[in-house]
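Visitor: Protein sequences appear in the order of chains A and B. Just so you know, my numbering puts 274 at position 275 of the first sequence, and the rest follows in order with no gaps. Just so you know, my numbering puts 567 at position 258 of the second sequence, and the rest follows in order with no gaps. Ideal placement from N, C-alpha and C gives every residue a C-beta, glycine not left out. Computed from a predicted structure; not experimentally measured. Supplied in structure tokens, the structure appears directly below.
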Amino acid sequence: MLTERSGPSDRSRRLTFPEAADLYANADFYELGRRAHEVRMRKHPEPVVTYVVDRNINYSNVCVCGCRFCAFFRPPDHPEAYVLSRQELGAKIEETLRLGGTQILLQGGHHPLLPLSFYEEMLAFIKERYPIHIHAFSPPEIVHFARLEGMGIPEVLGRLRAAGLDSIPGGGAEILVDSVRRKVSPGKCTAGEWLNVMEEAHAQGLRTTATMMFGHEEGPVHRLEHLFALRELQDRTGGFTAFIPWAFQPTNTAISRFPETAVSYLRLLAVSRLVLDNFDNVQASWVTMGPKIAQLALQFGANDFGSTMIEENVVAAAGVHFRMPVDEIRRVIRACGFQPRQRTMDYGRVTG
Amino acid sequence: MLDSEIYRKLGLADIREKVADGGRLSLEDGQRLFDCPDILAVGSLAHHVRTRLHGNAAFYVLNQHINYSNVCVNGCRFCAFGRKKGDPLAFQMSVEEVLDKVRSRLGEPITEIHIVGGCHPDLPFSYYEEMLAGVRALRPSARIKAFTAVEIAHFARLGGLSVREVLVRLRAAGLDMLPGGGAEIFSPRVRQLLCPTKISGPEWLELSRQAHGLGIQTNATMLFGHLETTRERLEHLVAVRELQDETRGFICFIPLPFQTANTGISDIEPTTGIDELKTLAVSRLMLDNFPHVKAYWIMLTVKLAQVALHFGADDFDGTVMEERIGHMAGAQSEQALTRSRLERIIVEAGFEPVERNCFFEPVSRNP
């Protein structure tokens, strides 16, 4: 099931932690971009930038985690709390398919009452009706389900997989350092638990992505620790398809600070491309950075434009509303000298 | 600058050498830069020049924009701001209303007041003189940068005055310098299509020449990303460069990406970030005699303007309140930036923020 894995590095030697820290702190903007772009072009010599047509469906906004960086969640008794009905879910998927979509990203909060069978039935409902890839339940949700049911992670994953789960999104990674997590998301799973879910998922043959949400209360060293933790796990499993860093958006959240700037984003993106030598793909985040900076990200290590996001609720709740129809994504990719190409979750080509 | 090997592979080794030696680029050189697919290679050359001129400094200004009227006789197709007289959305401020705008922000340490408007068909010349005198009296320490060459030519025609007389009288009333607007693209072909009633490219340049002759400094702009070719952009750059050789009266060059929404040509595709950065970089490289190049965040968005500081720009413009011209055309940027936010953006880009006045003289403030 796993496709060909990226070798650790085509360079003779990989970056050490001190080397990465030095580059991140001191390297010239152009030098950093150039080196990241070279790695990206070595891994993907064809002048192609990929994207996926999908929709973020949030089955519920009910969450008992209370992460300080989140503008999306509602407590269970809140008037705006919701759980999507089957009918609403079906309508959203039908629209996605009509628009040429190949997958849905299905995520929610940590709902305190819904049993694992709810999620199994939701997956089965979708799989019985629609030919669509289900990329669902970030590791914190999986950990939450396991706790609620008093079950092990392998069993939860096994049951969801049997019900139709195709792959796992890399959300909820935030910063994979517990001292940071204790400050910004004390109710959410630990860094070790996040990594453990991914390791188990990979062992069961599920591909996953990995994300990083930066620019809240972490420091540069924590970002690097995050990258090295991912690299180490990827060495063992090879199960990550892509890395997606995105910048924290502070509006409507309990963390008050200026949003991360474009230059800091590009520097982090480039360092990610250089450290994660065993990841095939790095995504640009137009949803948080806008199309113009996403274009430049294609020169700073990114080879993928992410998703068309027919629907997106979480970043929008934090006051950022970039919108890009497929045609616009294709146009801005071409303007950078690349051919746009629609892909699937595991970076296969979409034909037809 | 990036490694010379990169430029050799791109066929730009000679241009890299010229830039390193401080030589002048030809129009053909500029065309090769526009045609180069490697945005980092082009940007890095511009960054080299910008660093040679200004080191690590990135400038900004605490300013106030006032658009006194949107009534305009020109009807340029690229404009979403101008209205005909009598249009329900037309407005014109009285002198007192302009002064109220200034009064409302007297508590802020503003050093530049930027005043522009449409070419109004019947406001008397005394209106503009009174406006300047009033602003000057309210804010004697601030510099007044007002009226594009297009407005100045319009005042002259309407009042039966010479351009020289208009400029001399406005200066006596309080004018410090002219902004660079109305240059658009000098190409007669494009002007005929987009703004046939506006003054021509040669007229715009001649007016700037006269201002410089009187010791009034000005800026220069270029509106790009509509119907013009990259060659026409380069011809525009060469034209302002030649005038600058002659007068040395330009302070800052400002490339403005066309904002399509609500204009007469909203069906054309908007500029992308890569084109905007390349145009900025090529402008910096061609305009070897211009001290400054501005990343005007109103049109670029704050995020791209920050990155533009690495692509040849050395100025971030200002805090700007109530900008209307770009925003009427769908500019997605914020309406205002605070000083602390501006400084942080500059610092995070790796530069040292320097507050300036409209002449780019550093402003020193006692803490």
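1) Contact check, A/GLU192 vs A/VAL142 under 8 angstroms by CB: the rounded distance?
2) Expressed to the nearest angstrom, what Euclidean distance is found between the alpha-carbon atoms of A/VAL82 and A/HIS109?
3) Closer than 8 angstroms by beta-carbon distance: list the chain A residues that pair up with B/LYS612, in chain order.
4) Hey, how far is the Cα of A/SER8 from the Cα of A/ASP276?
5) Would A/ASP234 be called buried (16 or more neighbouring beta carbons within 10 Å of its own) or exposed?
6) If the criterion is Cβ atoms closer than 8 angstroms, does the pair A/PRO244 and A/MET211 meet it?
7) When the Cβ atoms of the stretch 601-611 of chain B are set against those of the stretch 558-566 of chain B, are three or more pairs found closer than 8 angstroms?
8) Looking at C-alpha atoms only, which residue of A/HIS221, A/SER166 and A/LYS187 is the closest neighbour of A/GLU198?
9) Within 8 angstroms (strictly less), CB to CB, does B/LEU532 reach chain A?
10) Measure the alpha-carbon distance for B/ILE461 versus B/ILE508 and round it to whole angstroms.
11) Identify the residues that DSSP records as bridge partners of B/LYS587: which are they?
12) Using beta carbons (cut-off 8 angstroms, strictly below), is A/GLN298 in contact with chain C?
13) Roughly how many angstroms separate the alpha carbons of B/ASN376 and B/GLU537, rounded to a whole number?
14) Grab the span of the beta strand (DSSP E) containing A/GLN338 for me, first residue to last.
15) With A/ALA315 as the anchor, note down where its alpha helix (DSSP H) starts and where it stops.
16) Of the choices B/ALA617, B/LYS394 and B/LYS410, whose alpha-carbon is the least far from that of B/LEU447?
17) Mind checking if B/GLN615 is an interface residue toward chain A, Cβ cutoff 8 angstroms exclusive?
18) On a CA-only basis, which of A/VAL281, A/PHE299, A/GLY336 and A/MET323 is nearest A/ASP397? Give me that one, please.
19) How would you list, in chain order, the residues of chain B whose beta-carbon sits under 7 angstroms from the beta-carbon of A/ALA334?
20) Per the DSSP calculation, A/VAL281 is bridged to which residue(s)?
21) In angstroms with no decimal places, state the Cα-to-Cα distance between A/GLY107 and A/LEU164.
22) Can you check which of these residues, A/ILE92, A/LEU159 and A/ALA296, is closest to A/PRO114 by C-alpha distance?
23) For B/LEU336, does the count of other Cβ atoms within 10 angstroms reach 16, so buried, or fall short, so exposed?
24) Are the C-beta of A/ARG272 and some C-beta of chain B separated by less than 8 angstroms?
25) Could you work out which residues of chain A lie near B/ARG650, taking near to mean beta carbons separated by less than 7 angstroms?
26) Any Cβ of chain B within less than 8 angstroms of the Cβ of A/GLY6?
27) Suppose the cutoff is 8 angstroms on Cβ atoms and the five residues either side in sequence are ignored; what does the same chain contact list for B/ASP554 look like?
28) If I measure Cβ to Cβ from B/VAL404 and keep anything under 7 angstroms in the same chain, skipping five residues before and after, which residues do I get?
29) Just to confirm the assignment: which complete beta strand (DSSP E) runs, minimum length 3, are found wholly within the stretch 16-96 of chain A?
30) Starting from A/TYR118, trace the alpha helix (DSSP H) in both directions and tell me its first and last residue.
31) Which residue or residues does DSSP assign as beta-bridge partners of B/CYS428?
32) Can you name the start and end residues of the alpha helix (DSSP H) that A/HIS215 belongs to?
33) With DSSP as the reference, label B/LEU552 as helix, strand or coil.
34) Restricting to Cα atoms, I'd like to know which of B/HIS363, B/VAL547, B/PHE387 and B/PRO497 is closest to B/ARG333.
35) Roughly how far, in whole angstroms, is the beta-carbon of B/MET595 from the beta-carbon of B/GLY339, given that I think they are within contact range, below 8 angstroms?
36) Please say whether A/VAL274 and A/LEU31 have beta carbons closer to each other than 8 angstroms?
Guide: Here's the rundown:
1) Contact check for A/GLU192 and A/VAL142: beta-carbon distance about 5 angstroms, within the 8 angstroms limit, so the pair qualifies.
2) Roughly 12 angstroms between the two C-alpha positions.
3) Those within 8 angstroms of B/LYS612 in chain A are THR260, ALA261, MET288, GLY289, LYS291 and ILE292.
4) Caution applies to A/SER8, whose pLDDT of 46 falls short of 50 and renders its modelled position unreliable; the model cannot decide the point.
5) A residue is called buried when at least 16 other Cβ atoms come within 10 angstroms of its Cβ; A/ASP234 does not meet this threshold and is exposed.
6) Between A/PRO244 and A/MET211, the gap from beta carbon to beta carbon is short of 8 angstroms.
7) With contact defined as three or more Cβ pairs closer than 8 angstroms, the stretch 601-611 of chain B and the stretch 558-566 of chain B are in contact.
8) Checking every option, the nearest Cα to that of A/GLU198 belongs to A/SER166.
9) So no, B/LEU532 is outside the interface.
10) Their Cα atoms are separated by approximately 10 angstroms.
11) The partner list for B/LYS587 (beta bridge, DSSP) is empty, contrary to what the question assumes.
12) Absent here is chain C; the protein component of the structure consists of chains A and B.
13) Taken atom to atom, the span from the alpha-carbon of B/ASN376 to that of B/GLU537 is near 27 angstroms.
14) A/GLN338 -> beta strand (DSSP E) spans 338-341.
15) Run containing A/ALA315: 313-316, per the alpha helix (DSSP H) assignment.
16) Of the candidates B/ALA617, B/LYS394 and B/LYS410, B/LYS410 places its Cα closest to the Cα of B/LEU447.
17) Taking 8 angstroms as the threshold, the shortest C-beta distance from B/GLN615 to chain A falls below it.
18) What the structure shows of chain A is the stretch from 0 to 351, and residue 397 of chain A is not part of that stretch, so it cannot be assessed.
19) Chain B residues near A/ALA334: THR581, ILE583 and ASP584.
20) The partner list for A/VAL281 (beta bridge, DSSP) reads A/PHE242.
21) So the two alpha carbons sit approximately 15 angstroms from each other.
22) When the alpha-carbon of A/PRO114 is set against those of A/ILE92, A/LEU159 and A/ALA296, the nearest one is in A/LEU159.
23) Flag for B/LEU336 reads exposed.
24) Not an interface residue.
25) Residues of chain A passing the Cβ test: PHE257.
26) With a pLDDT of 49 at A/GLY6, under the threshold of 50, the modelled position of that residue is not reliable, and no figure is offered here.
27) Correct list, in chain order: ASN598.
28) Residues of the same chain with a CB within less than 7 angstroms of the CB of B/VAL404, apart from the 5 flanking positions on each side, are TYR436, GLU439, MET440 and GLY443 in chain order.
29) As far as the stretch 16-96 of chain A is concerned, its whole beta strand (DSSP E) runs of at least 3 residues are 47-51 and 53-57.
30) If you look at A/TYR118, you'll find it in the alpha helix (DSSP H) that goes 115-128.
31) None; B/CYS428 has no bridge partner.
32) Per DSSP, A/HIS215 lies in no alpha helix (DSSP H) segment and is marked neither H nor E.
33) DSSP, read as helix, strand or coil, puts B/LEU552 in helix.
34) Closest option to B/ARG333, Cα to Cα, is B/VAL547.
35) Between B/GLY339 and B/MET595 the Cβ distance is about 5 angstroms, and since that is below 8 angstroms, they are a contact.
36) Their beta carbons are not under 8 angstroms apart, which means A/LEU31 does not touch A/VAL274 by this criterion.
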